[in-house]
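Structure first, then comments.
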Amino acid sequence: MLAPALAYVIVLVGVPFVLAIVLSFSNATAGSLSFGWAGLGNYAAILGDPIFLRALRNSAVVTVGTQLLVVILATAAAQVFRATFRGKRFARFVLLLPWTVPVSLAAIAWTWIFDSTFSVINWTLKASGLLHGWLYWLGDPGLALTAIIIVQAWRIFPFATVIVLAGLASIPQEIVEAAVVDGAGFWRRLFQVELPLLLPVVAVAVLFGVVYTATDLGVVYILTGGGPANTTHVLPTLAFQRGILGADLGQGAAIAVFLLPFLIVVAVAMLRLARRAEVGGAAR
Amino acid sequence: MAGVDIRNLRKQFGDLSAVDGVNLSIREGEFLVLLGPSGCGKTTLLRMIAGLERPTGGEIHIAGERVDGDVPPRARGIAMVFQSYALYPHRTVFQNIAFPLEASRLPRTQIAEKVQRAADMFGISRYLDRYPRQLSGGERQRVALCRALVRDPKVFLLDEPLANLDAKLRNTARDELKRFQRQIRTTTVLVTHDQVEAMGLGDRIAIMDRGKVRQVGTPEEVYEDPVDTFVATFVGQPPMNLLDLGDPALPPRTLLGFRPEHFLPRSVFQPDEDVRAFRFSVRRVEYLGSDRYVYGSISDGAATDTTVIAKLPATIALAIPEGEQQEFAVPRRALRYFDAATGSSRKI
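Sequence order for the protein chains is A and B.
The first sequence begins at 1 in the working numbering and counts up by one.
The second sequence begins at 285 in the working numbering and counts up by one.
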């Protein structure tokens, strides 16, 4: 009964995974089927490459920055959606749209939003008097990275909101009421009662968010292509550029492999946190 | 004057009138029990006093101040113990008890003092570093009580606090709760559907049915002089027997009521005692140790085959054979009369 699922995992996940690691130790190219042993040569090459180190840093910055933004947005959105109001169903539908839109379409739209000449953000900020210069979003390394974080957060926070909403619903109402009767105001209730009880749920949402952000190619590739001047590359885009476009499969694989320890560490940390919070705080 | 005054209180949920015009005056220091079946509105009433539910109409006054407008729970001087205790699972016992004090921004040293003193009073000092999931039901209940009282509330509200304890623990918990309330003398309102609990705890009991208060009185008043058939049959285990005899000596449509413990074999009474006798067809006898419940029927006058229950204490050792008829009687002073149409009691 498990055979098809097992076959799927082995063929579509296991094989490429192992192949990537193996390729990283080779000098294979994208054009031929040749395979020569290169030892740690690829790793040495990229570790000495400032562009790679920058991409490594960018991956970390984008992932962490996105999660921070997502947690704040999702918690806020979940609070809004806890109340009942007219048009709530419609609002919920609209909330979920960013999650359902294909990545490339969303990224193209955002490219337009961040456009150097026609950016609607700039226009709005200028019209409201908050902007006095001009923001070259995708042309400035710092701003471009910020733009990437914004798009990633926009894409992911609906999913996180749904998870947080489910988590909030699972907090027994009497506990929240007890906090109200005990005299806790909104913020104390949120930070001292609700969020701690939400920790396992938030940990799951963050884990998914980290995986989706760190492994994302589409947003960065379409928004900046890794530019300006290779300053906004993240590991997936650099791996693609070097491995496929540059035809150096070995190096591409080596870059991609660097994602692995990063993700494993994060996954273990999140699962540990979730289990600890669950054991220490589960309501009986 | 930390009493609670409720005037014409109403709560609608759509078409449903959960609380339908309740007037109640709870005296300072009194232990008042709201008793009634599920859905009678007692918990809704309690939650409106607490401020967790907004009344649709009417007034609530706590310690002389009107609170039903927008006064939040923390400004009402109330403390509440929920049925599930609602302890914060991610905080230790100490942190649970300290929470209301932290919320009122007391300095940390004062908090530690108060928590320690309160914990000593409830006998839970050795649990201060434990988490709720490590405690038994009875211990958790004490933590919940401790957390509620650490702030010296004016009114103490309890929502079925003994419901989650096992039967054996309930008696001792009831005793402790009552003695404790006598000691601290805080005005207390307790909600329960258990009439034994109500009778044992309440200085006065307010019996509710379908959003209305049927009767308020001491346990004796409510038991001996029920104001209608609902109160008569709700309070008392087994419930009061009601018969429609069509007795020409009584006004038409009058129900005759008597409690099972007053319905005894005729031979138990003196021959010249003023009793009302019945021919009782015994169907089944239940032996319960301290009592015997006798189930049977009475055919008398207009009442044909009405099921009646007798409660014989173990001290009456007479044989009650099943399937036979025996003469049973009720002292006339124990008889109660009710209007069959409205259910209200009648004085004959």
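Using N, Cα and C, we set each Cβ at its ideal position, and we do this for glycine too.
Computed from a predicted structure; not experimentally measured.
Interface flag, residue i vs chain A, CB-CB below 8 Å
| i | result |
| --- | --- |
| residue 378/B | no |
| residue 612/B | no |
| residue 546/B | no |
| residue 334/B | yes |
| residue 292/B | no |
Top-ranked residue by Cα proximity to residue i, from the options
| i | options | result |
| --- | --- | --- |
| residue 432/B | 463/B, 358/B and 522/B | 358/B |
| residue 290/B | 304/B, 297/B, 562/B and 451/B | 304/B |
| residue 605/B | 589/B, 580/B, 613/B and 515/B | 580/B |
| residue 611/B | 549/B, 537/B and 376/B | 549/B |
| residue 231/A | 85/A, 77/A, 140/A and 38/A | 140/A |
| residue 322/B | 365/B, 628/B, 495/B and 457/B | 495/B |
| residue 219/A | 236/A, 204/A and 228/A | 236/A |
| residue 566/B | 380/B, 469/B and 608/B | 608/B |
| residue 209/A | 97/A, 122/A and 154/A | 154/A |
| residue 24/A | 239/A, 266/A and 270/A | 239/A |
| residue 547/B | 530/B, 524/B, 528/B and 537/B | 524/B |
| residue 257/A | 18/A, 93/A and 119/A | 18/A |
| residue 348/B | 361/B, 338/B, 336/B and 537/B | 361/B |
| residue 170/A | 45/A, 101/A and 201/A | 201/A |
| residue 203/A | 226/A, 221/A, 184/A and 161/A | 161/A |
| residue 177/A | 576/B, 597/B and 363/B | 363/B |
| residue 572/B | 540/B, 522/B and 530/B | 522/B |
| residue 144/A | 35/A, 265/A, 11/A and 61/A | 61/A |
| residue 664/B | 592/B, 589/B, 586/B and 576/B | Because chain B is modelled from 285 through 632, residue 664/B falls outside the range shown and cannot be assessed. |
| residue 229/A | 51/A, 80/A and 59/A | 51/A |
| residue 213/A | 187/A, 226/A, 156/A and 243/A | 156/A |
Collapsed DSSP secondary structure at residue i in the structure displayed
| i | result |
| --- | --- |
| residue 568/B | strand |
| residue 504/B | helix |
| residue 309/B | strand |
| residue 215/A | coil |
| residue 1/A | coil |
| residue 230/A | coil |
| residue 86/A | coil |
| residue 615/B | strand |
| residue 551/B | helix |
| residue 499/B | strand |
| residue 559/B | strand |
| residue 435/B | coil |
| residue 303/B | strand |
| residue 173/A | helix |
| residue 427/B | helix |
| residue 248/A | strand |
| residue 404/B | helix |
| residue 354/B | coil |
Per DSSP, cross-strand counterpart(s) of residue i
| i | result |
| --- | --- |
| residue 274/B | A question about residue 274/B goes unanswered here, because the residues of chain B that appear run from 285 up to 632. |
| residue 487/B | Looking at the DSSP assignment, residue 487/B forms no beta bridge with any residue, so it has no partner. |
| residue 349/B | 346/B |
| residue 440/B | 363/B and 472/B |
| residue 290/B | 308/B and 344/B |
| residue 37/A | 26/A |
| residue 334/B | For residue 334/B, which the question treats as bridged, DSSP gives no partner whatsoever. |
| residue 541/B | 526/B and 620/B |
| residue 204/A | Residue 204/A pairs with nothing; no bridge assigned. |
| residue 59/A | Residue 59/A pairs with nothing; no bridge assigned. |
| residue 54/A | BP columns for residue 54/A are empty, so no partner. |
Min CB distance residue i to chain B below 8 Å
| i | result |
| --- | --- |
| residue 193/A | yes |
| residue 188/A | yes |
| residue 200/A | no |
| residue 16/A | no |
| residue 222/A | no |
| residue 284/A | Confidence is the limiting factor: at residue 284/A the pLDDT is only 37, short of 50, which leaves the residue's position unreliable and the question unanswerable from this model. |
| residue 167/A | no |
beta-carbon residue i near the ligand NAP non-hydrogen atom, thresh 7 Å
| i | result |
| --- | --- |
| residue 355/B | What this structure holds is no ligand at all, so the ligand NAP is not there to describe. |
Interface partners of residue i on chain A, CB under 8 Å
| i | result |
| --- | --- |
| residue 362/B | 181 |
Partners in chain B for residue i, counting only beta-carbon separations shorter than 9 Å
| i | result |
| --- | --- |
| residue 184/A | 358, 383, 384, 386 and 387 |
| residue 98/A | Correct list: empty, because the minimum Cβ distance to chain B is about 32 Å. |
Chain-ordered chain B contacts of residue i [CB-CB under 8 Å]
| i | result |
| --- | --- |
| residue 102/A | Within chain B, no residue comes near residue 102/A; the closest Cβ sits about 40 Å away, beyond 8 Å. |
| residue 255/A | Neighbours of residue 255/A on chain B: none; closest Cβ ~41 Å, over 8 Å. |
| residue 172/A | 368 and 370 |
Within chain B, partners of residue i - CB distance below 7 Å
| i | result |
| --- | --- |
| residue 178/A | 366 and 370 |
| residue 261/A | None at all; the shortest Cβ gap to chain B is about 32 Å. |
| residue 175/A | 370 and 372 |
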